[in-house]
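Accompanying notes for the structure given below.
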Amino acid sequence: MKASGVMVAAVLLIAVCLRAGGATPNDKRLRVVSQVHANPDVFVSGEEKRAKRHGHCVDTGAVNEDPVCASNGRQYMNEEVFEFHKCLIQAEYGEIIEIVDMGICANAKKEDDEHPDVPDIDYM
């Protein structure tokens, strides 16, 4: 009985949305998004903030393990992750890093998803 009540509610919701001409009007979508972004309980990571500031830096999401060493003495998971961080570092600091011999990074830890060299500063 409970499942049929949920089904009826879902059908009614769909009918109301379709009758209104769309799932959610654009102005209502904007209000919902604004409330989410203004909510202090919604966590936005530093990486997301940097991605918004530097949209030209592309994180491909590559997770294959093929470590590379960079001229900043840090080891990156693979060349694609390196290229993403290279772009962020160049955009934030104007510093250009390159891939170098792995021997330079013999004692270096791999960078994780967040780059500690790039501060999490909110720009207005």
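Residues -23 to -1, 1 to 101 (mature numbering (1 follows the signal peptide of the UniProt record, and there is no 0)) are what the sequence shown spells out, left to right.
Positions of the beta carbon are idealized from the N, C-alpha and C atoms, including for glycine.
All figures in this text were calculated on a predicted structure; none of them were measured in a lab.
> Buried or exposed: which applies to alanine 47, given that a residue is buried once 16 or more other Cβ atoms fall within 10 Å of its Cβ?
Replying inline: Numbered from 1 along the sequence shown, position 70 holds the residue referred to as residue 47. With 16 or more other Cβ atoms within 10 Å, it is buried.
>> I'd like the list of long-range same chain contacts for glutamine 52, defined as Cβ closer than 6 Å, with 5 residues on each side in sequence excluded.
In response: Indexing the sequence shown from 1 puts residue 52 at position 75. Taken in chain order, the residues that qualify are Pro44, Cys46, Cys82, Ala85, Lys87.
> CA-CA distance, isoleucine 73 and glutamate 42?
Replying inline: Counting from one through the sequence shown, the residue named residue 73 turns up at place 96. Counting from one through the sequence shown, the residue named residue 42 turns up at place 65. C-alpha separation (whole angstroms): 23 Å.
> Got a sec? Which residues, its chain only, sit under 6 Å from cysteine 64 by beta carbon, not counting five neighbours each side?
Replying inline: For the purposes of this step, residue 64 is identified with residue 87 of the sequence shown, where counting begins at 1. So the qualifying residues of the chain are Cys34.
> DSSP on alanine 83, reduced to helix/strand/coil?
Replying inline: Numbered from 1 along the sequence shown, position 106 holds the residue referred to as residue 83. Reduced to three states, the DSSP call for alanine 83 is coil.
>> Which complete beta strand (DSSP E) runs does the stretch 38 to 83 hold, if anything under 3 residues is left out?
In response: 45 to 47
> methionine 79: buried (16+ other C-beta within 10 angstroms of its C-beta) or exposed?
Replying inline: As a position in the sequence shown, residue 79 is number 102, starting the count at 1. That one is exposed.
> So glutamate 57 and threonine 37 are in contact, right, with Cβ under 8 Å, and what is the actual spacing, rounded?
Replying inline: As a working note, residue 57 is residue 80 in the sequence shown. As a working note, residue 37 is residue 60 in the sequence shown. About 5 Å; that satisfies the 8 Å criterion.
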